[in-house]
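One structure is given below, encoded as structure tokens.
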Amino acid sequence: MDEAEFRVLVSQDERHWWFRGRRRVINAQLDRLGLPGGCAVLDAGCGSGRTMDELRRFGHVAGFDLNELGVAHARARGHDDVRVARLEATPWPDESFDLITCLDVLEHTPDDVVSLRELRRVARPGAALLVTVPAYQALWSSHDVANHHYRRYRRPALLAAGREAGWEPVTWSYFNSILLAPAAAVRLAERLPRRRGERGRSHVEVTPPALDGLLELPLRAEAAAVRRGVRLPVGMSLMAVFRRGNSPQPPREEPVKRAAGEVPASDAASTLPTR
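Here the sequence shown is numbered in our numbering, starting from 39 and rising by one per residue.
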């Protein structure tokens, strides 16, 4: 991710409706896992460390990110166990964690199965993995270009990648569902002819701060639904929970080659939230 884009996202992290709403949905799902206290937790692609603040209630939280500026922000928030690393080379020993979060990260990696297999390596038997990703390749837009995404997902593709990496799917839900239609309209409108040389940009600054409270309301409602175990069938984002069984680590394989022209030229693994 470009440094300028990173700084924009960090500046919006605390107040923007999307970030606040996404945290509500994630916390609702985490509460359903029934985790005991004192867990060892990893935030894979921790960005600025804001999510690590939320995860402290479960135990000791470690994190890593490819973006050195993000790691510096996380450490400034008081998180000591934060490292600069790639998702495909997680710098902890085998079977280190009881809970792993990987929030809007997989779409930044060239091979999601390789990344998920590496997360399984550092997970203890019975550990939970919570993943969020942007949904629907048909909604590819300048936001994906600006954030150096490789792909967007549908549920079958995400669950299949998890299974191939050795994870057992537990549950899933789309979210940011209520705003799907207007958000899709904005993205599709981008495909109209544009001025030559106009660059892709993130959508974080599209909505004015005065609307944050109003736009967060649908995600509040969706978080309440997720807390009750509802699986939302559509949405701008997709969330899945996996468990690691007791079987041995699956053998490593060569990365899967992606279709030409599908991805931008980046293999960064950073978890700054995306839509």
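The beta-carbon is built from N, C-alpha and C at its ideal position, and this holds for glycine as well.
Legend entry - Option nearest S134 by Cα separation, candidates L197, A100 and A262: Locating residue 134 in the sequence shown gives position 96, counting from the first residue. Checking every option, the nearest Cα to that of S134 belongs to A100.
Inset, instruction - Consult DSSP for S275 and reduce its assignment to one of helix, strand or coil. - result: Here residue 275 refers to the residue found at position 237 when the sequence shown is read from its first residue. S275 falls in the strand class under three-state DSSP.
Legend entry - Spatial distance of D182 from A223 (CA atoms): Against the sequence shown, residue 182 aligns to sequence position 144. Against the sequence shown, residue 223 aligns to sequence position 185. Taking the straight line from one Cα to the other gives about 16 Å.
Inset, instruction - Compute the Euclidean distance between the alpha carbons of C84 and R61, then round it to the nearest angstrom. - result: Here residue 84 refers to the residue found at position 46 of the sequence shown. Here residue 61 refers to the residue found at position 23 of the sequence shown. Distance between the alpha carbons of C84 and R61: 13 Å.
Inset, instruction - Would you grab the beta carbon distance between A261 and Y212 for me? Rounded to a whole angstrom, and I think it's under 8 Å. - result: Here residue 261 corresponds to residue number 223 of the sequence shown, with the count starting at 1. Here residue 212 corresponds to residue number 174 of the sequence shown, with the count starting at 1. Incorrect: roughly 13 Å between the Cβ atoms, too far for contact.
Inset, instruction - Quick one: residues in its chain with C-beta nearer than 6 Å to the C-beta of V169, no 5 flanking neighbours on either side, listed in chain order? - result: Residue numbering aside, residue 169 sits at position 131 when the sequence shown is read from its first letter. The answer, listed in chain order, is C140 and A278.
Legend entry - Which listed residue (H98, H186 and D51) has its alpha carbon closest to that of D136: In the sequence shown, the residue the question calls residue 136 occupies position 98. Here the closest residue by C-alpha is H98.
Inset, instruction - Inspect the beta-carbon positions of D250 and R53 and report whether they are closer than 9 Å. - result: The residue you call residue 250 lines up with position 212 of the sequence shown. The residue you call residue 53 lines up with position 15 of the sequence shown. Yes; because the gap between Cβ atoms is below 9 Å, this pair is in contact.
Legend entry - Cβ neighbours of I138 in the same chain (closer than 7 Å, five flanking residues each side left out): By 1-based counting over the sequence shown, the position of residue 138 is 100. If we look at I138 and ignore the five residues flanking it on each side, its Cβ neighbours are L80, A82, L157, A161, A165 and L167.
Inset, instruction - Measure how close the beta-carbons of Y188 and V171 come, nearest whole angstrom, since I'm counting them as under 8 Å. - result: Along the sequence shown, one-based indexing puts residue 188 at 150. Along the sequence shown, one-based indexing puts residue 171 at 133. Between V171 and Y188 the Cβ distance is about 11 Å, and since that is not below 8 Å, they are no contact.
Legend entry - D142 to N105 span [Cα, whole Å]: Position 104 of the sequence shown holds residue 142. Position 67 of the sequence shown holds residue 105. Rounded to whole angstroms, D142 to N105 spans 14 Å at the Cα level.
Legend entry - Proximity below 9 Å, CB of P129 to CB of F102: As a first step, residue 129 is located in the sequence shown; it is residue number 91 there, counting from the start. As a first step, residue 102 is located in the sequence shown; it is residue number 64 there, counting from the start. In contact: P129 and F102 (Cβ atoms closer than 9 Å).
Inset, instruction - Rounded to whole angstroms, what's the CA-CA distance from R70 to W56? Just pull it up for me. - result: Here the question's residue 70 lines up with position 32 in the sequence shown. Here the question's residue 56 lines up with position 18 in the sequence shown. Cα to Cα, R70 sits roughly 22 Å from W56.
Inset, instruction - Tell me whether I138 sits in a helix, a strand or coil according to DSSP, three-state version. - result: Looking up residue 138 in the sequence shown gives position 100. Residue state, collapsed to three classes: strand.
Inset, instruction - Taking H186 as the reference, give the member of P163, H146 and R159 with the closest Cα. - result: To locate residue 186, count along the sequence shown from 1; it is residue 148. Checked all of P163, H146 and R159; the closest Cα to H186 is H146.
Inset, instruction - Provide the residue span of the beta strand (DSSP E) that contains T170, from first to last. - result: Working through the sequence shown from its first residue, we reach residue 170 at position 132. It spans A161 to P172 - the beta strand (DSSP E) in which T170 sits, taken as one unbroken run.
Inset, instruction - Go through its chain and collect everything with a Cβ distance to D119's Cβ below 6 Å, but skip five positions before and after it. - result: The residue labelled residue 119 in the question sits at position 81 within the sequence shown. The answer, listed in chain order, is A100.
Legend entry - Residue range of the alpha helix (DSSP H) that includes R121: As a first step, residue 121 is located in the sequence shown; it is residue number 83 there, counting from the start. Unbroken run through R121 is the beta strand (DSSP E), V120 to V122; no alpha helix (DSSP H).
Inset, instruction - Assuming W205 and R269 form a contact by the criterion Cβ under 8 Å, report the distance between their Cβ atoms to the nearest whole angstrom. - result: For the purposes of this step, residue 205 is taken as residue 167 along the sequence shown, with counting starting at 1. For the purposes of this step, residue 269 is taken as residue 231 along the sequence shown, with counting starting at 1. That pair is no contact at about 18 Å.
Inset, instruction - Identify which residue in D91, L68 and R95 has its Cα closest to the Cα of G75. - result: Within the sequence shown, numbered from 1, the residue matching residue 75 stands at position 37. Minimum Cα distance to G75 is reached at R95.
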